[in-house]
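S.K.: Let me begin by handing over the structure; questions about it come next.
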Amino acid sequence: MIKILNALIAVVGGVAGAILLYWLLNKLAELLPGRWEDRVKPYLFLLPALAAIGLYLVYPTIQTFVYSFANNRSTEFVGFENYAKLLTSKTFQNTLFNTFLWILIVPASVIAFGLLIATLADRLRPRGEKTAKTLIFLPLAIGAVSAGAIWKFVYATRPPGQNQIGLLNGIWTAFGGDPVNWLQISTLRFNSLLLMVMLLWMQAGFAMVLLSAAIKGVPTETLEAARLDGAGEGSIFFRIVIPQIRTTIITVFITVLIGVLKTFDIVYVMTNGNFNTNVIAVDFFNQLFTNRNNGFAAAIVVMLLIIMIPVLVFQVRQFRAEEAAR
Amino acid sequence: MRIRSTFAASVTLGAVALLTTGCLSSGGGGGGGNSNTSKNIEIMYAFTTDQETGFKGEVNKWAKDNGVTVKFTQSSDFNSLINTRVQGNDAPDVALFPQPGIMKDMADQGLLADLSDIVDKSDLDSLIQGAVETGQVNGKQYAIPMSINVKSIVFYPKKAAAAAGLTQPPQTLDDLMALSKKIASTGTTPWCFGIESGAATGWPATDWVENLMLINNGSDVYNQWVQHKIPFNDPKVAETLDQMDQLLLADGMTNGGRKSIASNNFNTAANPMFDNPPGCYMYRQGNFVAKSGGFPDKVLADLDNTVGVFPMPGKTAEDKPVLGGGDLAGIFSQDNQSAKDLVKFLASKDYGTNGYAKTGAWISPRTDFDTSQYPTQVLGSIATFAYESTEFVFDGSDQMPGEVGSGSFWKDMTAWISGQEDAKTALDNIESSWPS
């Protein structure tokens, strides 16, 4: 009861407070002489939003940047020591390499799978298409940690002689193999690939839905014209469909890419970065919350930010270009 | 417009940067203890389930008899929360520290009451001395143990083990090695071993290393190693890993082989012990595996008849070192009589006799505690190992800095056992991760 009351007070009080604030700001602007009132008013109205962004986004970013040059308890500056130590450590180099593998492999395969499924489903009868799409889309609704719980049963390993509860080992041992510790095989980063399969499984549905809609949006006239000109299915797909859905592909690619850079839960739940599967976000978490090393954690975040910037710039440019073309 | 907005943005950014640059925290400082002197006291702790329920029952009865109101605050993230609360001037009156490291930090900052004059000398003397010493900083008693756990226990299947030649507990580490080899020669692996524990994978391996370090070198060297007065990759540690290699990791010593250890959950790793014929005969782990979720239910239902226990032996038959852990009680509100009385009660003979010991979720740190109070003989024997120990030390990884104790030590031991790193690389990595 008290909670409901609190919520009500918060809602009413919040809205009333906002109105009062803007009313005051407006009054303040009206005190100014004529022309100045018009000049200042927009900025005054922008002020609360800017202040919020400054407080919750800009300030922490800069503070993180500053902390990345300080020691583990953020009490003294140490120059570039954090970066130097991280970048020369073999473990962190491996972590970076894994992260690049994720960036290289996952978005591209998500697009490939999404396109494949979208194109194939497009050829099914409506009922079949709906069923297929629903099934593929389903994993998207599952959280990463729950996905981890599911996939643990796929990769699970029990010592030889015991019942294998893992799907992969169940199949493997049925064919006479000895149980394999899938997530411990770091040769050629096989275990990282197994973890990437999980993200692929989760994200393929998302790519499929957007790409499928785009494919359906390709005008039939162009397709018919191509067919009349004697184009095969292959060249229709690559020369007509793909160029027309290019912007959707890029949007999906960037969304997945940003998701990949933030990948944390899958790795944390499945291996916690053990067996050479560490990625940058898990390393950041462990540096901050296990090792309590603010300096390393901040330096890792700054590096992540630097990796992200080109992606963001590209996305903004792309968006502008699209707007301009409209 | 474009230029102007870029200009405005850079000015804003620049201004914020100027305002914040050089802002570092002043370090440590700030915050304080607790000046509460009322009869309403708050107690904070990390343990859960049966251990928590039994504890509340025990303390509530005391509180009722003494006209005190106790507020119970459980936190599974005890270490972070206590730090935050101390910094915010909101420390609880009494804290039951699950790990000694953070308690020593607080004592160093002068936040904890000196218990030497509060707890009776006779009570202090009845507690396990190793655990009492863990509560001392610079010779002063800032915390006392109010619950312990024992980690250097070997569990074995009673009937099957006798047939395999385990008729009496090994008296020395050499005996244990000989026994392991004897069992291995019959074609069955002597040991069960698993170190998988979700995000905390690796800690059971660190317990093994600590246990062998303690047995080989005694508590003095052990504590020096834990406090980094000798380097982590000291030759003594390398020898210990070598020993562990022969005892556990060599072919035919562990059920499922070396490769299976890192993916085998520590809770259920011992279960092949109860198969017929057993997959392995011995499992070294803390007293907490003998509960639901660990040993199979049918074993737990008849624990005393199916499971035997012996302590990890010392180097000689006279040595009885025990590796364990426990919760340490300290007082933040230094002038609060009720808080003092509560801690006095926790150290007293009566504490735990009101049904808490019967739950089996708690082991008393008092060496004169009546072991028949425990629900099973197994638990009684385990408690006796601790009471009769010649040395009792706390889990070392819990006392090391987080980077090592719950970071590199776990991870590099996992990498070593699963074959990703050799022993030397693993030890060197841990040493280099130690914060300066």
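Same order as they appear, the protein sequences are chains W and S. Note that our numbering has the first sequence beginning at 7, numbered continuously upward. Note that our numbering has the second sequence beginning at 576, numbered continuously upward. Backbone N, C-alpha and C fix where the C-beta goes; we use that ideal spot for every residue, glycine too.
1. From the DSSP output, read off the bridge partner residues of S/GLN716.
2. Hey, how far is the Cα of S/GLU627 from the Cα of S/GLY663?
3. Excluding five sequence neighbours on each side, which residues of the same chain lie with their C-beta closer than 8 Å to the C-beta of W/ARG245?
4. Which value, in whole angstroms, describes the spacing of the CA atoms of S/ALA775 and S/TRP985?
5. Are the C-beta atoms of W/PHE196 and some chain S residue less than 8 Å apart?
6. Taking the alpha carbon of S/ASN911 as the point to measure from, which residue in S/ALA961, S/PHE807 and S/THR644 has its own alpha carbon closest?
7. Identify the contact partners of S/THR763 in chain W, using a Cβ-Cβ distance below 7 Å as the criterion.
8. Whole angstroms are fine: how far does the CA of W/GLY279 sit from the CA of W/PHE243?
9. Should W/PRO249 go down as buried or exposed, given a rule of 16 or more other Cβ atoms within 10 Å for buried?
10. With 8 Å as the threshold, decide whether the Cβ of S/GLU978 is near any Cβ in chain W.
11. What are the residues of the stretch 776-804 of chain S that lie near chain W, defined by any Cβ-Cβ distance shorter than 8 Å?
12. In the DSSP output, which residue or residues are listed as bridge partners for S/THR989?
13. Please list, in chain order, the residues of the stretch 983-998 of chain S that have any C-beta partner in chain W closer than 9 Å.
14. With a cut-off of 8 Å on the beta carbons, I'd call S/GLY899 and S/PHE967 a contact; round off their distance for me.
15. Which stretch, first to last residue, makes up the beta strand (DSSP E) that contains S/THR644?
16. Can you pull out the residues from the stretch 128-144 of chain W whose beta carbon lies closer than 7 Å to at least one beta carbon of chain S?
17. Comparing the C-beta of W/TYR274 with each C-beta of chain S, is any distance below 8 Å?
18. Tell me where the alpha helix (DSSP H) around W/ARG245 begins and ends.
19. In terms of alpha-carbon separation, which member of W/GLY20, W/ILE68, W/ILE177 and W/ALA90 lies closest to W/PHE302?
20. Within 10 Å of its beta-carbon, does S/ALA914 have 16 or more other beta-carbons around it, so buried, or fewer, so exposed?
21. Count the other CB atoms, across all protein chains shown, that sit within 10 Å of the CB of S/TRP783; report buried if there are 16 or more and exposed otherwise.
22. Would the stretch 171-188 of chain W count as touching the stretch 75-91 of chain W if we require 3 or more Cβ pairs under 8 Å?
23. Is the shortest distance between the beta-carbon of S/ALA560 and the beta-carbons of chain W less than 8 Å?
24. Please return the same chain residues whose Cβ sits closer than 8 Å to the Cβ of W/PHE159, not counting the five positions on each side in sequence.
25. Check the Cβ-Cβ distances between W/ARG323 and every residue of chain S, and say whether any is below 8 Å.
26. Who are the near neighbours of S/LYS639 in its chain, counting only those whose CB is closer than 8 Å to its CB and skipping five residues on each side?
27. In terms of DSSP beta bridges, what is S/TYR731 paired with?
28. Using a C-beta to C-beta distance shorter than 9 Å, which residues of chain S count as neighbours of W/ARG45?
29. Just to make sure I have the definition right: I need the residues of chain W whose C-beta is within less than 7 Å of the C-beta of S/GLY1059. Which are they?
30. Looking only at its own chain, which residues have a Cβ that is under 7 Å from the Cβ of W/GLN321, when we skip the five neighbours before and after it?
31. If I'm right that S/SER727 touches S/PRO886 with Cβ under 8 Å, what's the distance once you round it to whole angstroms?
32. Can you tell me which of the three DSSP states S/ILE766 falls into?
33. If you measure from the beta carbon of S/SER981 to each beta carbon in chain W, is any gap under 8 Å?
34. I want to see whether chain S comes within less than 8 Å of W/THR296, judged by CB atoms only; does it?
35. Rounded C-beta distance between S/GLY980 and S/ASP973? I'm assuming under 8 Å.
M.R.: Straight from the coordinates:
1. S/GLN711
2. 26 Å
3. ALA232 and ALA237
4. 7 Å
5. no
6. S/THR644
7. Near S/THR763 there are no residues of chain W at all, since even the closest Cβ is about 11 Å away, more than 7 Å.
8. 40 Å
9. Around the beta-carbon of W/PRO249, fewer than 16 other beta-carbon atoms lie within 10 Å, marking it exposed.
10. yes
11. THR776 and GLY777
12. Paired residue(s): none; S/THR989 is not in a bridge.
13. SER983, TRP985, LYS986, THR989, ALA990, SER993, GLY994 and GLN995
14. 6 Å
15. Segment 644-649, the beta strand (DSSP E) holding S/THR644.
16. none
17. yes
18. No alpha helix (DSSP H) holds W/ARG245; DSSP gives it neither H nor E.
19. Comparing Cα positions, the closest option is W/ALA90.
20. buried
21. The residue in question, S/TRP783, is buried, as its Cβ has 16 or more Cβ neighbours within 10 Å.
22. Counting Cβ pairs under 8 Å, fewer than three are found: no touch.
23. Residue 560 of chain S cannot be examined here, being either before or after the span of chain S that is shown, 576 to 1011.
24. ILE171, GLY172 and LEU173
25. no
26. none
27. S/GLY883
28. Correct list: empty, because the minimum Cβ distance to chain S is about 13 Å.
29. Absent from the structure is residue 1059 of chain S, since the part of chain S shown begins at 576 and ends at 1011.
30. ILE260.
31. 6 Å
32. The sequence given here has Trp at residue 766 of chain S, not Ile. Here S/TRP766 sits in strand by DSSP.
33. So, interface residue.
34. yes
35. That belief holds up - the Cβ atoms of S/GLY980 and S/ASP973 are roughly 6 Å apart, short of 8 Å.
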